[in-house]
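S.K.: Count the sequence shown with full-length UniProt numbering and you get residues 1 to 344, in order.
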Amino acid sequence: MASDLENITGKAAKLSIEPIYDTNWSDMPDDIKLECIEQMELKEIMSLRCTAKAERSLVDSQKIKFTDGILCTNDECLVFILYHNKKSIVTKHSKDVTDGYESMKHIMKIGVFEKLIIAFTNPLANNVQFMTDEGLFTARNIEFNAWHSDKVIPVLRKMKNGVESIKINSTLSEELDQILALSHVQNVPYWHIQHYEQTDSLYMVAQMWIDTNSKIGSVFQVSVFGDGSFEEFLKHFDDRILSKSEKRVRIRTNNSDRHILMEFGTIQDFIYQYFRLMVISAEMEESEYDDNCKEWIFKMDQDVRYVNELLNIEGYDEYDDSDEFDELGNYRRNDNDGYWDSDD
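1. Among ASP239, SER61 and ASP301, which has the Cα closest to the Cα of ILE267?
2. Could you give the first and the last residue of the continuous alpha helix (DSSP H) run that contains ASP207?
3. Kindly confirm or deny that the region 195-205 and the region 228-248 touch, where touching means at least three C-beta pairs closer than 8 Å.
4. From which residue to which residue does the beta strand (DSSP E) around SER245 run?
5. To the nearest angstrom, report how far apart PHE66 and GLU35 are at their CA atoms.
6. So, is TRP296 buried or exposed, given that buried needs 16 or more other C-beta atoms within 10 angstroms?
7. Measure the CB-CB distance between ILE45 and ILE32 and report whether it falls below 8 Å.
8. What did DSSP end up calling GLN194 once you bin it into helix, strand or coil?
9. Starting from the Cα of TYR203, find the closest Cα among ILE179, SER214, ILE193 and LEU234 and give me that residue.
10. Pull the bridge partners of ASP68 from the DSSP assignment, please.
11. Measure the C-alpha to C-alpha separation of HIS195 and ILE168 and round it to an integer number of angstroms.
12. Grouping DSSP H, G and I as helix and E and B as strand, with all else coil, what is LEU182?
13. How far does the beta strand (DSSP E) with ALA139 in it extend, from its first residue to its last?
14. Can you tell me which of ASP257, ASN292 and ILE271 puts its alpha carbon nearest to the alpha carbon of ALA282?
15. Let me confirm a value: residue 375 is counted as buried when at least 16 other C-beta atoms fall within 10 Å, else exposed. Which label applies?
16. Considering only their Cβ atoms, is the gap separating PHE144 from GLN221 smaller than 8 Å?
17. Excluding the five sequence neighbours on either side, which residues of its own chain have a C-beta within less than 7 Å of the C-beta of GLY217, listed in chain order?
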């Protein structure tokens, strides 16, 4: 071991190692600077960007990959949090929304997001700079947790192509026709809307897929309050129905190699109705249908998943009106025997 170390040391001493560039940063060629920038942390990159106009252009030409980005606004401030490999690396909180927007605009320009979450009220989409700026966001998956649904469309219009999933976790009412006109929505493999207020989503999305000859594998899910969506779908596609049951309807498209399958699912004691649309191969057999609606409902509605897991932890397969939370906030089953039971 000692002799090996001596050999290595001897060889290293004989090497002639000269610095590649014995000069200032400003004298280095751009290709070398770019290699250095690739090794920098984000804060270092942002500092370099402030040094000179040439450096700003160089930094802006680079893309930085983020695993997650969270953008939040309310009436008083703008906050964004950036994650790399699930670790928070930047948190920006600005009470001046305009100033915060300038920082956010740069991050959006250079950032490539695996997942981008946007939760806001009014300031961002109402901001004149945001509405007129030509910059686009790059994200594979985007999720809206918005209090005002009319802010969803302006953000979707600023997304670059290549979006793989769109999750709209906010109440929509009359904006669906505008959303369906967006190319991102027409081409996205998966998207959903939670708590939709109308009954037209199923037939409107299916008709859009027919008109655009959507790819096999495209999926749309929606939760709605109240009846009517299933019936409107049947009425709209009366002349296209291939098969139907209480839970499913299969219709033909204008392309003979693909059909559209509509599925209906419910979770006991939840007020919302859940639907899934899929573009499927015309060769798919009914025996290949997925009878486990919980799996795809949980993908859309995390609240339902949470409550279901809670009940499973407590050991209950069903819930009825006699089951409640006790005074300590624990779920218990009331057998009308004067006691709260957790194990029967």
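In this text, a Cβ means the ideal position worked out from N, Cα and C, and glycines have one as well.
M.R.: To lay it out plainly:
1. Taking the sequence shown and counting its residues from 1, one reaches residue 267 at position 267. Minimum Cα distance to ILE267 is reached at ASP301.
2. To locate residue 207, count along the sequence shown from 1; it is residue 207. At residue 207 the sequence reads Gln, which differs from the Asp that was named. Note, GLN207: alpha helix (DSSP H), 201-212.
3. Touching, yes.
4. Walking along the sequence shown from the start, residue 245 turns up at place 245. Unbroken run through SER245: none, as it is neither H nor E.
5. Along the sequence shown, one-based indexing puts residue 66 at 66. Along the sequence shown, one-based indexing puts residue 35 at 35. Going by the C-alpha atoms only, they are around 19 Å apart.
6. Your numbering for residue 296 matches position 296 in the sequence shown. Buried: at least 16 other Cβ atoms inside 10 Å.
7. Residue numbering aside, residue 45 sits at position 45 when the sequence shown is read from its first letter. Residue numbering aside, residue 32 sits at position 32 when the sequence shown is read from its first letter. No, the pair does not count as a contact, with Cβ atoms beyond the cut-off.
8. Counting from 1 along the sequence shown, the entry for residue 194 is found at position 194. If DSSP states are grouped into helix, strand and coil, GLN194 belongs with the strands.
9. Here residue 203 corresponds to residue number 203 of the sequence shown, with the count starting at 1. For the residues ILE179, SER214, ILE193 and LEU234, the minimum Cα distance to TYR203 belongs to LEU234.
10. Within the sequence shown, numbered from 1, the residue matching residue 68 stands at position 68. DSSP lists TYR83 and LYS115 as partners of ASP68.
11. Here residue 195 refers to the residue found at position 195 of the sequence shown. Here residue 168 refers to the residue found at position 168 of the sequence shown. Near 9 Å, if we compare the C-alpha coordinates of ILE168 and HIS195.
12. The residue given as residue 182 occupies position 182 in the sequence shown. Here LEU182 sits in coil by DSSP.
13. Taking the sequence shown and counting its residues from 1, the one referred to as residue 139 is at position 139. Residues 139-144.
14. As a position in the sequence shown, residue 282 is number 282, starting the count at 1. For the residues ASP257, ASN292 and ILE271, the minimum Cα distance to ALA282 belongs to ASP257.
15. Here the chain covers residues 1 to 344 and nothing more, so residue 375 does not appear.
16. Along the sequence shown, read from residue 1 onward, the residue named residue 221 stands at position 221. Along the sequence shown, read from residue 1 onward, the residue named residue 144 stands at position 144. No, they are not a contact pair.
17. Locating residue 217 in the sequence shown gives position 217, counting from the first residue. Hits under 7 Å: PRO189 and VAL279.
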